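One structure is given below, encoded as structure tokens.
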């Protein structure tokens with residue numbers, strides 16, 4: 109989760125307000141410690157992306173809790189549909205940080221009883237949210253990245269969804285996101301920027317299955 113530092117700087121009886129750019133949470137305390145050495149840093153407040161605010165003492169306690177929980181979560185998802193076999197392949201990659209480590213969770217599945225590529229994309233995103241629940245992701249912002257403009261813009265509310273079947277997937281996803289307290293950011297990209305999830309979806313169609321959850325460098 110990204111953080112901002114706001115503070116009053118006092119010099120020769122004059123006060124000026126400053127605010128940092130968005131920072132990774134692990135940079136917040138070292139920067140505060142360095143600025144505090146000047147003796148002129150006053151009234152410090154830390155704000156997160158959800159606009160929650162803390163004093164420095166409160167943030168020190170919060171920082172330990174955040175280290176123990178998954179954060180800085182980004183999801184890549186993709187779905188593919190083979191009309192000849194009427195089967196779908198879905199691929200999901202979740203990146204997150206926990207206890208100072210960078211984690212990657214990769215999963216794919218082959219599904220039947222779906223009817224289109226768009227439905228496969230929705231199924232992939234629903235699987236992604238299920239993985240977030242398994243990992244223990246809650247009450248944090250999450251970026252959902254995919255190459256389906258239709259699905260992402262329907263979920264963000266920019267485009268309407270008139271298909272009854274797809275609306276059911278949309279409702280299931282939104283309900284689970286709300287249950288987890290996730291603040292979603294939907295990020296459309298082209299297929300080249302989604303190649304890992306795309307590969308997983310294609311492998312599932314070929315019945316090559318992947319389930320990997322590990323620390324990465």
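Numbering (the working numbering), first residue to last: 109 to 325. Yeah, the Cβ is synthetic: ideal placement off N, Cα and C, and Gly gets one too. Given the structure is predicted, the values throughout are model-derived calculations rather than measurements.
Query: 9 Å Cβ cutoff, residue 153 in contact with chain B; Result: Within the model displayed, chain B is absent; a lone protein chain is all it includes.
Query: Residue 190 versus residue 307: straight-line alpha-carbon distance, rounded; Result: 15 Å
Query: Distance between beta carbons of residue 235 and residue 215, contact taken as under 8 Å; Result: 7 Å
Query: Straight-line Cα distance separating residue 264 from residue 291; Result: 11 Å
Query: Residue 230 vs residue 261 beta-carbon contact at 9 Å; Result: no
Query: Contact set for residue 170: own chain, Cβ-Cβ below 7 Å, skip 5 residues either direction; Result: 162
Query: C-beta atoms of residue 304 and residue 201 nearer than 9 Å; Result: yes
Query: Top-ranked residue by Cα proximity to residue 134, from 156, 296, 115; Result: 156
Query: Rounded C-alpha distance that separates residue 289 from residue 247; Result: 4 Å
Query: Environment of residue 188 [buried if 16+ CB atoms lie within 10 Å]; Result: buried
Query: Three-state secondary structure (DSSP) of residue 317; Result: coil
Query: Status (buried if at least 16 other CB within 10 Å, exposed otherwise) for residue 242; Result: exposed
Query: C-beta atoms of residue 238 and residue 203 nearer than 9 Å; Result: no
Query: Contacts around residue 274, its chain only, beta-carbon distance under 7 Å, and the 5 residues preceding and following it disregarded; Result: 226, 227, 230
Query: Nearest residue (CA-CA) to residue 186, options 217, 177, 223, 123; Result: 217
Query: Beta-carbon spacing of residue 130, residue 145 below 9 Å; Result: no
Query: Residue 268 classed as buried or exposed, judged by whether at least 16 other C-beta atoms fall within 10 angstroms; Result: exposed
Query: Distance between residue 167 and residue 140 (C-alpha atoms, nearest Å); Result: 11 Å
Query: Length-filtered (4 minimum) alpha helix (DSSP H) runs lying within the segment 139 to 214; Result: 164 to 176
Query: DSSP state of residue 324 mapped onto helix, strand, coil; Result: strand
Query: Limits of the unbroken alpha helix (DSSP H) element including residue 127; Result: Run containing residue 127: none in the alpha helix (DSSP H); it sits in the beta strand (DSSP E), 122 to 127.
Query: Distance CB(residue 109)-CB(residue 249) smaller than 9 Å; Result: yes
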